[in-house]
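Chemist: These protein sequence lines are chains A and B, in that order.
According to the working numbering, the first sequence is numbered sequentially starting from 1.
According to the working numbering, the second sequence is numbered sequentially starting from 574.
All C-beta atoms, glycine included, are put in the ideal place defined by N, C-alpha and C.
Given the structure is predicted, the values throughout are model-derived calculations rather than measurements.
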Amino acid sequence: MNFSLFPLFAQIAPTSTHLVNLSWVDLLVVGIYFVFVLGIGFYLKSFTKSGTDFFMAGRGMTAWIAGVAFISANLGSLELLGWAGSSYQYGILCVHWYWIGAVPAMLFLALVMMPFYYICKTHSVPGYLRLRYGRGAQSVAAVSFGIMTVLMSGINMYAMALVMNVVLGWNIHFSIWASSLAVAAYVILGGLLSAMFNEVLQFVLIWFGALLIPILGLSEAGGWHGMVARIHEKFPAQNYTHVWSTLGSPADNPMGISWIGIVFGLGCVIATGYWTTDFLVVQRVLTAKDLRSAQMAPIIGAAFKMFVPLIVILPGLLGLALLPETLVGENVAKVTGGHSYNEVLPLMLAHYCGPGLLGLGITALIAGFMSGMAGNLTAFATVWTYDIYNPLRKKPMSDVENVRMGRWCTFIGVLISIGTAYFVMQFASIMDYVQALFSLFIAPLFGTVILGMLFARITSAGGFWGLLAGIGSSISLWLWVKIDPSALRFVALSSDAKTMAEDMYRALWSFLIGVIVTVVVSLLTKPRTREELAGLVRGCTEIPAIHYPLLQRPVFWAAIVGVACVILNVIFW
Amino acid sequence: MQKNRLPIWFFIGLIMALYGLIIFAAGVYAYYVPPAVELALANVHAAIWWGLLMLFVGIVYIIKFRPRPEHDISEDK
Chain A
1 MNFSLFPLFA QIAPTSTHLV NLSWVDLLVV GIYFVFVLGI GFYLKSFTKS
51 GTDFFMAGRG MTAWIAGVAF ISANLGSLEL LGWAGSSYQY GILCVHWYWI
101 GAVPAMLFLA LVMMPFYYIC KTHSVPGYLR LRYGRGAQSV AAVSFGIMTV
151 LMSGINMYAM ALVMNVVLGW NIHFSIWASS LAVAAYVILG GLLSAMFNEV
201 LQFVLIWFGA LLIPILGLSE AGGWHGMVAR IHEKFPAQNY THVWSTLGSP
251 ADNPMGISWI GIVFGLGCVI ATGYWTTDFL VVQRVLTAKD LRSAQMAPII
301 GAAFKMFVPL IVILPGLLGL ALLPETLVGE NVAKVTGGHS YNEVLPLMLA
351 HYCGPGLLGL GITALIAGFM SGMAGNLTAF ATVWTYDIYN PLRKKPMSDV
401 ENVRMGRWCT FIGVLISIGT AYFVMQFASI MDYVQALFSL FIAPLFGTVI
451 LGMLFARITS AGGFWGLLAG IGSSISLWLW VKIDPSALRF VALSSDAKTM
501 AEDMYRALWS FLIGVIVTVV VSLLTKPRTR EELAGLVRGC TEIPAIHYPL
551 LQRPVFWAAI VGVACVILNV IFW
Chain B
574 MQKNRLPIWF FIGLIMALYG LIIFAAGVYA YYVPPAVELA LANVHAAIWW
624 GLLMLFVGIV YIIKFRPRPE HDISEDK
């Protein structure tokens, strides 16, 4: 999840030295990748004629394609590099973002929320808010999402170019323009269809490019127990290898957080909010060909997501155990000239991979970046066209005009992203602020959507004012700590809290404030009739009852994935 | 229109097979002419077996999802 990574790349400075040298074989591997993604874009152009094709991939995707694209859009290069670095810094605690964060949230999306998103046939999450609450809530959600999406796209682009500069010594301008124009080309040509096809391709390449590190790393370390023994030997003062047993007190773990922040802040609010209301990921699931596929897609995504720690968390832990040098924070690395936490994945690549395999690993990083950027662009084009531009017109646009607008939006979105990348290049600390701002909208939006989806008594005024109050309180809490750092002990319940812990608690408070305002205003205003809420709210909507055999039922597979996730938590307790 | 669209798995098969071939060849070359930079676990020759694995997976996908004009090749398969 990008929202938790904002401190990581804020202070990396462009450098003239680099970690690895690519041979011509590696460059050939990277070059072939670019040929393939552009080729797929050209190939799919002829299949992208209508607005539904361009913005919703024809609403004909199978559960597998939608499910893989669902997590691939999130599995960006910052996720790969950032979580590996965070695991080196905080240890196995980072796995909570997967096992208590993402997986339960995806199952919740599949079983509880997806029927309403799918049955109302909305194009977007702000579109759902329009149907449920009216234009006010739609506009607040669409404008904030649209602005933050292109800004995030630009910041990610800059961060990736910076990483390419640090790792490979590539020119920053070349990295920004080459990779963003490639993404623009295939998204403009084939819309969401092309983006999703490439996301599936990128997902496979990311796994094959990154999986070799844990395999070879565990082999070198003498298996899991050998790795744990080495970590304890090198860092006897810290506990890096337990998921839950150190969460009794913030002072007992490297992250400075307790189980309350993890369970309620991360599990119940931030992660659930992100995976169920961030349109960047939800859009992929809305392309499914029928309701069962739309429910199965997040379940398939959850099953894969459960094992993503193998390629992001485990390399960080292996870095702790095996790398001869001790990595440090960015500030220290800049002064001492050493390697930072964020370089752990490229360092592990360079540790094991020779010509060919190194190219594959670098391709995985580039693929991660491109899938993340394409996700931002397609979501931005859809929200702009359907939730910002169309409502401003007296007469709705035709289907052909919608597609034309979507293509222009993608192009302009790329230009704005490139502009943002150059902007943050001048003022690198802005990355901190804009990425943090993005996270501020997730928790309040989740409160508004979930209340509206579950309770008919929630009114349009309640939804609108609750959303505004949630966003307002979230921004206020963030500013409070920025202006007065000692306020951390109130916001995060501990002065030991690190940035991630602060995020968890801020999300929890803003969610609660948004929910309270929504409920109070709703009780004071008149609700819509049950007939008006048909297809939008639980209890007013008839979910199509199609009886599948047990092995084809979403609830069966959700139970399997859920039980497996619980077992993993217990094993690594 | 949907009827003749190639499944994404076919493209994945193509790129996997191509990458597998290149990485396998690079691994065989490195076996006889070791690279100047010494790698950890260089003795296991990861590029050779990883390349072969990718080549195998790629070929399986190409065969399974190859274009067949007489059939409707949908994403389901």
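B/Arg578 touches chain A at which residues, Cβ-Cβ below 7 Å?
Modeler: Going along chain A in sequence order, the residues near B/Arg578 (Cβ under 7 Å) are Phe47.
Chemist: Return the CA-CA distance between A/Val37 and B/Trp582, expressed in angstroms with no decimal places.
Modeler: A/Val37 and B/Trp582: Cα-Cα distance of roughly 14 Å.
Chemist: On the three-state DSSP scale, how would you describe A/Met61?
Modeler: Note: A/Met61 maps to strand in three-state DSSP.
Chemist: One question on the structure: do B/Leu591 and A/Ser219 come within less than 8 Å of each other, judged by their Cβ atoms?
Modeler: Cβ distance not < 8 Å, so B/Leu591 and A/Ser219 don't count as in contact.
Chemist: What are the residues that DSSP puts in a beta bridge with A/Gln167?
Modeler: Correcting the residue type first, residue 167 of chain A is Val in the shown sequence and not Gln. DSSP output for A/Val167 lists no bridge partner at all.
Chemist: Under 7 Å: does the beta carbon of A/Asp290 sit that close to some heavy atom of the ligand ZN?
Modeler: The ligand ZN is not part of the structure shown, which contains no ligands of any sort.
Chemist: Comparing the C-beta of B/Pro642 with each C-beta of chain A, is any distance below 8 Å?
Modeler: It does not: the Cβ of B/Pro642 has no partner Cβ on chain A nearer than 8 Å.
Chemist: Checking contacts by CB at 8 Å: is A/Ile213 closer than that to chain B?
Modeler: Chain B contact via Cβ: absent.
Chemist: Is it buried or exposed, A/His547, if we count other Cβ atoms within 10 angstroms and call 16 or more buried?
Modeler: Flag for A/His547 reads exposed.
Chemist: Enumerate in chain order the residues of its own chain whose CB-to-CB distance from B/Leu628 is below 7 Å, with the five nearest sequence positions on each side excluded.
Modeler: So the qualifying residues of the chain are Ala590, Gly593, Leu594, Phe597.
Chemist: Would you list the residues sitting across from A/Val328 in a DSSP beta bridge?
Modeler: A/Val328 pairs with A/Ser340.
Chemist: Under 9 Å Cβ-Cβ, which residues of chain B neighbour A/Glu220?
Modeler: Within 9 Å Cβ-Cβ: Ala613, Leu614.
Chemist: Within 10 Å of its beta-carbon, does A/Phe511 have 16 or more other beta-carbons around it, so buried, or fewer, so exposed?
Modeler: The residue is buried, with at least 16 neighbouring Cβ atoms inside 10 Å.
Chemist: Under the rule that 16 or more other beta-carbon atoms within 10 Å means buried, what is B/Pro640, buried or exposed?
Modeler: Counting Cβ neighbours within 10 Å, B/Pro640 comes out exposed, since fewer than 16 surround it.
Chemist: According to the neighbour-count rule (16 or more other Cβ atoms, all chains shown, within 10 Å of its Cβ), is A/His96 buried or exposed?
Modeler: So A/His96 counts as buried.
Chemist: To the nearest angstrom, how far is it from the Cα of A/Leu61 to the Cα of A/Gly419?
Modeler: Reading the sequence as shown, one finds Met at residue 61 of chain A and not Leu. Distance between the alpha carbons of A/Met61 and A/Gly419 is about 34 Å.
Chemist: Find the nearest neighbour of A/Tyr186 within the set A/Leu349, A/Phe47, A/Val481, judged by alpha-carbon distance.
Modeler: Cα-wise, what sits closest to A/Tyr186 is A/Phe47.
Chemist: Tell me whether A/Ala288 sits in a helix, a strand or coil according to DSSP, three-state version.
Modeler: In the structure shown, A/Ala288 sits in a strand (DSSP, three-state: E or B).
Chemist: Closest to A/Leu468 by C-alpha separation, out of A/Ser139, A/Gly127, A/Leu109, would be which residue?
Modeler: Checked all of A/Ser139, A/Gly127, A/Leu109; the closest Cα to A/Leu468 is A/Ser139.
Chemist: A/Val263: which of A/Ile147, A/Met164, A/Leu280, A/Gly101 sits nearest, CA to CA?
Modeler: For the residues A/Ile147, A/Met164, A/Leu280, A/Gly101, the minimum Cα distance to A/Val263 belongs to A/Gly101.
Chemist: Give a yes or no on whether the minimum CB-CB distance between B/Tyr592 and chain A is below 8 Å.
Modeler: Yes, B/Tyr592 counts as interfacial toward chain A.
Chemist: Would B/Ile632 count as contacting chain A if we go by Cβ distances under 8 Å?
Modeler: No, its Cβ sits nowhere closer than 8 Å to a Cβ of chain A.
Chemist: So A/Gln426 is in the alpha helix (DSSP H); what residue range does that whole segment cover?
Modeler: A/Gln426 -> alpha helix (DSSP H) spans 399-426.
Chemist: Give me, in chain order, the residues of the same chain whose beta-carbon lies closer than 8 Å to that of A/Val103; leave out the 5 immediate sequence neighbours on both sides.
Modeler: Around A/Val103: Ala302, Lys305, Met306, Val561, Gly562, Cys565.
Chemist: Relative to chain B, which residues along the region 21-39 of chain A have a C-beta separation below 7 Å, given in chain order?
Modeler: From the region 21-39 of chain A, only Val25, Leu28, Val29, Ile32, Phe36 have a Cβ closer than 7 Å to chain B.
Chemist: On a Cα-Cα basis, can you pick out the residue from B/Ile588, B/Leu579, B/Arg578, B/Asn577 that is closest to A/Phe203?
Modeler: Among B/Ile588, B/Leu579, B/Arg578, B/Asn577, the Cα nearest to that of A/Phe203 belongs to B/Ile588.
Chemist: Which of helix, strand or coil does DSSP assign to A/Ile213?
Modeler: A/Ile213 falls in the helix class under three-state DSSP.
Chemist: Could you tell me if B/Pro580 is buried or exposed, where buried requires 16 or more neighbouring beta carbons within 10 angstroms of its beta carbon?
Modeler: Buried, by the Cβ-count rule.
Chemist: Any idea what DSSP makes of A/Val626, helix, strand or coil?
Modeler: Residue coverage of chain A in this structure runs from 1 to 573, which leaves residue 626 of chain A outside it and unanswerable.
Chemist: At the level of alpha carbons, what is the spacing between A/Asn390 and A/Leu568?
Modeler: In a straight line, the C-alpha of A/Asn390 is about 47 Å away from that of A/Leu568.
Chemist: Please confirm if A/His351 has its CB atom under 8 Å from at least one CB of chain B.
Modeler: Closer than 8 Å to some Cβ of chain B, the Cβ of A/His351 qualifies, so yes.
Chemist: Where does B/Ile636 land, buried or exposed, given buried means 16+ other C-beta within 10 angstroms?
Modeler: Per the 10 Å Cβ criterion, exposed.
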